[in-house]
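> Everything in the sequence shown is counted per my numbering, starting at 24 for the first residue and increasing by one. Glycine included, C-beta positions come from ideal geometry on N, C-alpha and C.
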Amino acid sequence: MSLATVIGNSLIIFLVWTDSHLHTAMYFFIGNLSLLDILFTLITIPQMLIHMASGIRTIAFNRCMVQLNLTLSCGMTECFILAVMAYDRYVAICQPLRYPTLMRMQVCMQMAGACWTGAFLNAVVLTSVMASFPFCGPNEINHFYCELPPMLQLACMDTYMVEVLIFALSVIVLMMPFTFIVISYIQIARVVFSMNSAKGRQRAFSTCATHLTVVTLFYTTIGFTHLQPRSNRASDQEKRASVFYALVSPMLNPVIYSLRNKDVKGALSKMMGKAA
């Protein structure tokens, strides 16, 4: 599954990079999502496989903090990228005449850069807070990689206020983009339902289906882990949800992009034709 994730998402990035028909805002952001899926998988899964194969299930504190920082960065970046993709669909459907200006490639690169930078800075803050806690043992994480909720349980201090702050930040980082996505799709639905052409409505909805599917997969799993009060958390359920968004969801995303997108399928067919 890990190999399928890396190969599938690498193929998406390669097609977006090489095929001129895919040099648009939507595919640029899909390429960003594929890169995030690759990074998240490489950050978490190889270390887990080493632990399983060797039986030595330890990780140095500094490496754990780096892993925590990188996973938080990737997760928050994906939140922001999904919100930007919703804006892209909003402009394409609700303001089509302004689309070439509002979503030109330079603007898209600036928005993507802001998403990556903002997520990294937020992750640095959370990781720095986590690294400042005292850990006096037993230093056993009930998880297969270093994630914030199970690590907070190891701190030898009262973390209630810190957990409240982290929960509040999680709500802001996760729910603000989600709210933006919902508002964008309300506006899209209003415009689509006012169309006279049934074919036009079908085409508009089909362009949004891929994004909505990815949003549903992402928020269902990551929200289950990060948007629950501590008293409602069950470690085994958290781990199952983490497996889904660390491995299953990144593996499914290229399938979603390719099977529901004729442009990606066309680019893939063209590439295979040249190879033959």
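(1) Can you tell which of I53, A146, T94, T239 has the C-alpha that lies nearest to the C-alpha of T64?
(2) Classify Y124: buried if its beta carbon has 16 or more other beta carbons within 10 angstroms, exposed otherwise.
(3) Does DSSP put P172 in a helix, in a strand, or in coil?
(4) For L270, count neighbouring C-beta atoms within 10 Å of its own C-beta (all shown protein chains included) and say buried if the count is 16 or more, exposed if not.
(5) Just curious, the alpha helix (DSSP H) that L188 is in, first and last residue?
(6) Look at the Cβ atom of V237, then the Cβ atom of L34, and state whether they are nearer than 8 Å.
(7) Taking just the CA atoms, how far does G31 sit from K293?
(8) For Q133, I'd like the list of residues in its chain whose CB is within less than 6 Å of its CB, leaving aside the five on either flank, ordered along the chain.
(9) Residue range of the alpha helix (DSSP H) that F37 falls in?
(10) Leaving aside the five residues before and after T100 along the sequence, list all residues of the same chain whose C-beta is less than 7 Å from its C-beta, in chain order.
(11) For a quick check, are the C-beta atoms of I61 and V107 less than 8 Å apart?
(12) Out of curiosity, what's the CA-to-CA distance linking S220 and K288?
(13) Quick check on the DSSP output: the alpha helix (DSSP H) that includes E101 runs from which residue to which?
(14) In whole angstroms, what separates the C-alpha of Y168 from that of A27?
(15) Find out if the Cβ-Cβ distance for the pair L45, E170 is shorter than 8 Å.
(16) When the distance is taken between beta carbons, is Y268 closer than 8 Å to T244?
(17) Would you mind stating whether L120 and N276 have Cβ atoms separated by less than 8 Å?
(18) Using a 10 Å radius around the Cβ and a threshold of 16 neighbouring Cβ atoms, would you call N162 buried or exposed?
(19) Under the assumption that H234 contacts A76 (Cβ atoms under 8 Å), give the Cβ distance between them as a whole number of angstroms.
The short version:
(1) That would be T94, whose Cα lies nearest to the Cα of T64.
(2) A small fix is needed here, since residue 124 is Thr in this sequence, not Tyr. The residue is exposed, with fewer than 16 neighbouring Cβ atoms inside 10 Å.
(3) In this structure, DSSP gives P172 a helical state, which the three-state scheme calls helix.
(4) In summary, L270 is buried, with 16 or more beta-carbon neighbours lying within 10 Å of its beta-carbon over all protein chains present.
(5) DSSP places L188 in the uninterrupted alpha helix (DSSP H) bounded by 183-216.
(6) The Cβ atoms of V237 and L34 do not sit closer than 8 Å to each other.
(7) Whole-angstrom Cα-Cα distance: 17 Å.
(8) Scanning its chain for C-beta atoms nearer than 6 Å, with the 5 sequence neighbours on each side dropped, one finds no residue around Q133.
(9) Its alpha helix (DSSP H) spans residues 25-41.
(10) Excluding positions up to five away in sequence, the list reads L59, C138, W139, A142.
(11) V107 sits away from I61, with the two beta carbons spaced by 8 Å or more.
(12) Answer to the nearest angstrom: the Cα atoms are 26 Å apart.
(13) Run containing E101: 84-117, per the alpha helix (DSSP H) assignment.
(14) Roughly 20 Å separates the two Cα atoms.
(15) No. Outside cutoff.
(16) In this structure, Y268 lies closer than 8 Å to T244 by Cβ.
(17) No, the pair does not count as a contact, with Cβ atoms beyond the cut-off.
(18) The residue in question, N162, is exposed, as its Cβ has fewer than 16 Cβ neighbours within 10 Å.
(19) For a cut-off of 8 Å, the C-beta gap from H234 to A76 is around 37 Å, too long to register as a contact.
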